[in-house]
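Engineer: For the sequence shown, position 25 matches number 6 in the numbering used here, and the numbering has no gaps at all.
In this text, a Cβ means the ideal position worked out from N, Cα and C, and glycines have one as well.
Structure provided below as structure tokens; questions to follow.
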Amino acid sequence: MQFGLIELNGTFIFQFINTAILLVFLSIMLVLLIKQFKMYGQISRIKKILSKKFDSLDTTKEL
């Protein structure tokens, strides 16, 4: 009976740790996704700025 309780407790603790690890992993993935989107936004902004600068440097439009 006591052994059964210990076994039950062990599996419960293992499941709890498993769930905690899964939650941490999911939250890290979410943070990485958000950072990825922010980086993408910054890259698109930089591309816009660069394209404006290159347009002003482009000599073919003046001809």
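Do you know how far the Cα of residue 4 is from the Cα of residue -2?
Structural biologist: Position 17 of the sequence shown, counting from 1, holds the residue named residue -2. Position 23 of the sequence shown, counting from 1, holds the residue named residue 4. For residue -2 and residue 4, the distance between alpha carbons rounds to 10 Å.
Engineer: Nearest-angstrom Cα distance between residue 24 and residue -6?
Structural biologist: Taking the sequence shown and counting its residues from 1, the one referred to as residue 24 is at position 43. Taking the sequence shown and counting its residues from 1, the one referred to as residue -6 is at position 13. Approximately 45 Å, taken between the alpha carbons.
Engineer: Give me the Cα-Cα distance between residue 15 and residue 35, rounded to the nearest whole angstrom.
Structural biologist: Numbered from 1 along the sequence shown, position 34 holds the residue referred to as residue 15. Numbered from 1 along the sequence shown, position 54 holds the residue referred to as residue 35. Distance between the alpha carbons of residue 15 and residue 35 is about 30 Å.
Engineer: When you compare only the Cα positions, how much space is there between residue -4 and residue 2?
Structural biologist: The residue labelled residue -4 in the question sits at position 15 within the sequence shown. The residue labelled residue 2 in the question sits at position 21 within the sequence shown. Near 10 Å, if we compare the C-alpha coordinates of residue 2 and residue -4.
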